[in-house]
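Using my numbering, you'd call the opening residue of the sequence shown number 13 and step up by one each time. Taking it in order: structure first as C-alpha cells, then the write-up.
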Amino acid sequence: MNTSALIRPAWTPATIALMVIGFMVFWPLGLAMLAYIIWGDRLDGFKRDVNRATDGIFAGCRRGSDRAARWGHGSARTGNVAFDDWREKELERLNEERRKLDEMLSEFDEYARELRRAKDQEEFDRFMANRNKSTSPTTGGPTTGGSNSTPGLLDE
Numbered sequence: 013m014n015t016s017a018l019i020r021p022a023w024t025p026a027t028i029a030l031m032v033i034g035f036m037v038f039w040p041l042g043l044a045m046l047a048y049i050i051w052g053d054r055l056d057g058f059k060r061d062v063n064r065a066t067d068g069i070f071a072g073c074r075r076g077s078d079r080a081a082r083w084g085h086g087s088a089r090t091g092n093v094a095f096d097d098w099r100e101k102e103l104e105r106l107n108e109e110r111r112k113l114d115e116m117l118s119e120f121d122e123y124a125r126e127l128r129r130a131k132d133q134e135e136f137d138r139f140m141a142n143r144n145k146s147t148s149p150t151t152g153g154p155t156t157g158g159s160n161s162t163p164g165l166l167d168e
C-alpha cells in the first residue's frame, strides 16, 4: 500500500478528521472509517481473494461467450475476410494462452498449499517432540511413595 497517500489505513490527521465528520453526519460512516483505519491494511489480501473468486465464477461466463461467438452470436464480421481470419486466430491464441496461465496458476496454488501443509506439519512435529520431551518421566528407580503406586499414562 502506498504509505504517502493522504487517506490510508493509519491514524493520520486526515483519517481522524474524516472519521469525526463521518460520525457527525451519519454514524455508520464514522464507524466505517474507524474500521478502515483499524483493519484497512488487510484489504489487499481480501481484494486479491475476492478477485480470484470472481474470476473463477465468471470463467464459466467467459467460456459460454466463447461458445456463443463460435456459433455466430459474437461480434459481427467486419467484411474484411483477411482481418476476420486474423482476429479469429489471435483470439484462439489468446484463449490458449489464458488456459495455460490458468493451469499454471492452479499448479502454483497447489504447490503453495502443499508447501504450507509441509511447513505446518514440520512445526507440529517439532511442537510434539518438545512437548513429549518436557513431559516424559525420568527413568529412575521405583517410586518411594508406597506399595500402592499406580503407573502413569506415559509409563506403558
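Glycine included, C-beta positions come from ideal geometry on N, C-alpha and C.
Is it buried or exposed, Ile-49, if we count other Cβ atoms within 10 angstroms and call 16 or more buried? buried
If you draw a straight line from the C-alpha of Pro-25 to the C-alpha of Asp-121, how long is it? 40 Å
In the DSSP assignment, find the unbroken alpha helix (DSSP H) run with Pro-40 in it and report its ends. Here the alpha helix (DSSP H) through Pro-40 covers 39-51.
Let me confirm a value: Thr-90 is counted as buried when at least 16 other C-beta atoms fall within 10 Å, else exposed. Which label applies? exposed
Exposed or buried, which one is His-85 when buried takes at least 16 other CB atoms within 10 Å? With a pLDDT of 49 at His-85, under the threshold of 50, the modelled position of that residue is not reliable, and no figure is offered here.
What's the gap between the Cα of Phe-70 and the Cα of Leu-113? 16 Å
Met-31 beta carbon less than 8 Å from that of Met-45: yes
Hey, how far is the Cα of Ile-28 from the Cα of Arg-54? 19 Å
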